[in-house]
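Chains as they are written, first to last, in this note's numbering: chain G, 1 to 350; chain V, 1001 to 1350.
From the three backbone atoms N, C-alpha and C, an ideal C-beta is built for every residue, glycine too.
Remember, predicted model here, so these are calculated numbers, not experimental data.
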């Protein structure tokens, strides 16, 4: 059983490889040759003052790669008020650290193959899905990219966008000057701008990667031919979607979010699904990324269309596809810590 | 993060302790102070000829003990025909071993506290649930116990029954002479008998612990005052249930079994829920073990009533309760292998 670290996963996976690993998985998923379970939560009280415990998992199996993945998040969540607004904050109470794990099992032997933290792969999978949407939806001749958000996720959006198109100009905006300038300083060829309007002005592609609970893309910015993307459904609203000619979501099944909340759990206002994503009449209307990649739903047909990849909620299958790749590379390169398989198998079966 | 083995779990947990740990959990569960997710499956093709891959999980959290448990089974299943009947056989393809795992997380810090194989605890939890049913349903003055089945699970049924009542006579029957004689030889005070009729004749308590897919308890055996129990719903049928005055099931929610099967998976006939347990009109009619223990549903009221604990499908919460106990004892006694927590936590959170 191979234990990998976030640092090792980061060295093993390039965005290009990750996208190449995910693309055939989406096509198999559309044809029911890969399967997943929608996210399942157990949310309950915790000893930590004012917080709650959120156990979340998603899983998915891809027989073509022989891998079943299970991704687990085990968080203490609080909602402190910052700048007048409640924020959703995961408290690092596990010795000052957070707990997110991926387990990979073999669909051919049953064996637990690997365990690793989810953080780096989560970021790669968000970027890769956005990149695959962009690859199949944006015009070939785009040149200007606007990034709204300058955090860790914005970096993966940039990598993914650059992996599939040549941008001659990349601008970044984030409300905090230090954040946007640090992002520009850390990413060659990126320019920080002082307003969101200056960021999106004339852009061919607009990507939002924020933690905002309210929309950050305005309908009036959407000129003909633009492609937009976001990583959270809250970053856009119905008015934006109605201005788009083609909208894709990551996976419609994820609307059926199986939240399971213990009565008396405090401060749960932020755990619910909000906005257009919570409305089946709207969210159920848009095809999936898989249908786009498998050519079951048409992508861009004219240069002046406005296209959108509107929701990027994770699915367990992404961890099966990216996980199988990371595992293969780790074995090729001798990376990671091997633990005895006897610890994770048994000689009895009930 | 503590890694425990089946052998260590077996040394740490007595049946008495296990029952004492589970009883308050059931009462909290009835009052929504403990929560679970029903079993979730991903079933799909495998490379192993004629088999399929079954990934099954159940989870549950109990804030009073600060533990969230996740139990995983990752099996290659085949259906060879043995003695003219198809049997469901889990193939030990993980280096000649099987894969069942329990993960325990802290609901107070999020941390992965422990990992261990599920086998020994699974057997203990089946026995403990039967024992709790027996404790609250059987007459106080029972003296004869009939065991149908002489396998590993039958041993746990015997331990549990003896933990709550004094039996002066214990008989065991199993179709294979060697099995029943080996069981009698291995368990003091148990007598192997040559027919099932000789086993149940005049018994005060009849417990079935078989792998049978067809009923093994006959309605005509049920004389007034008897208590019966089984570990699989297939071991009894509607006619037996209709002869009982009081029937309890382990957890009605487990009827909502979230099976998720990939089209084209071979040989799935045995994976479905069968018989009375698959009929909501019947299985939904009986109260839960938790309701019995919390005194929300009356147990035995007269000596001549026939009582039954009819279904013992596992719930994730049993692993939270027994797991919290095993973990506490392991720490007190310095048992198990400690792995660095840094391997199972992270300094990023997406």
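In terms of beta-carbon proximity, residue 152(G) lines the interface with chain V, with at least one pair separated by less than 8 Å. For residue 1327(V) and residue 1062(V), the gap between their C-alpha atoms comes out near 14 Å. For residue 251(G), the number of other beta carbons within 10 angstroms of its own is at least 16, and it is reported as buried.
The Cβ atoms of residue 1202(V) and residue 1233(V) do not sit closer than 8 Å to each other. Bounds of the beta strand (DSSP E) holding residue 1190(V) are 1190 to 1192. For the 8 Å CB-CB criterion, residue 1015(V) and residue 1138(V) do not form a contact. In this structure, DSSP gives residue 1207(V) an extended state, which the three-state scheme calls strand. Taking residue 293(G) as reference, the option from 149(G), 249(G), 77(G) with the minimal CA-CA separation is 249(G).
In terms of CA proximity to residue 1278(V), 1313(V) leads the group 1313(V), 1295(V), 1305(V).
Residue 116(G) is positioned such that its CB atom lies no closer than 8 Å to that of residue 154(G).
In summary, the residues of the region 72 to 85 of chain G whose CB is separated from some CB of chain V by less than 9 Å are 72, 73, 74, 75, 76, in the order they occur in the chain. If only uninterrupted alpha helix (DSSP H) runs of at least 4 residues are considered, none is enclosed by the region 1041 to 1119 of chain V.
Rounded to whole angstroms, residue 1100(V) and residue 69(G) show a C-alpha spacing of 15 Å.
Contact between the region 1140 to 1147 of chain V and the region 1023 to 1040 of chain V is absent: fewer than three C-beta pairs spanning the two stretches fall below 8 Å.
Look at the beta carbons and you see the region 1051 to 1060 of chain V not touching the region 111 to 131 of chain G: under three pairs across the two are nearer than 8 Å. Counting the other Cβ atoms within 10 Å of the Cβ of residue 91(G) gives 16 or more, which makes it buried. In chain order, 68, 112 place their CB closer than 6 Å to the CB of residue 105(G), counting only its own chain and leaving out the 5 sequence neighbours on each side.
Within 10 angstroms of the beta-carbon of residue 1247(V) lie 16 or more other beta-carbons, which makes it buried. Distances from the alpha-carbon of residue 175(G) to those of 167(G), 194(G), 158(G), 188(G) put 194(G) closest. Look at residue 1262(V) here: in three-state DSSP terms it is coil, with no helix or strand label. Collapsing the DSSP output to three states places residue 1143(V) in coil. About 21 Å separates the CB atoms of residue 311(G) and residue 43(G); that is not less than 8 Å, and the two are not in contact.
A distance below 8 Å separates the beta carbons of residue 1219(V) and residue 1239(V). The DSSP-derived three-state label of residue 329(G) is helix.
At least 8 Å separates the beta-carbon of residue 102(G) from that of residue 124(G).
When the alpha-carbon of residue 1156(V) is set against those of 1300(V), 1065(V), 1186(V), the nearest one is in 1186(V). Taking C-beta separations shorter than 8 Å and ignoring five residues to either side along the sequence, the partners of residue 179(G) in its chain run 150, 151, following chain order. In the same chain as residue 1128(V), and ignoring 5 residues on each side of it, the C-beta atoms closer than 7 Å to its own belong to 1015, 1018, 1019, 1022, 1160, in chain order. With a threshold of 16 other beta carbon atoms within 10 Å, residue 1300(V) meets it and is buried.
Going by C-alpha positions, residue 1334(V) is about 28 Å away from residue 72(G).
Using beta-carbon distances, residue 166(G) does not count as an interface residue toward chain V, since no partner is under 8 Å.
It is roughly 48 Å from the alpha-carbon of residue 74(G) to the alpha-carbon of residue 1303(V). Cβ atoms of residue 133(G) and residue 289(G) come within 8 Å of each other, at about 6 Å. Less than 8 Å separates the beta-carbon of residue 107(G) from that of residue 1046(V).
Closer than 8 Å to the CB of residue 95(G) there is at least one CB belonging to chain V.
The CB of residue 32(G) comes closer than 7 Å to the CB of 1262, 1263 in chain V, given here in chain order.
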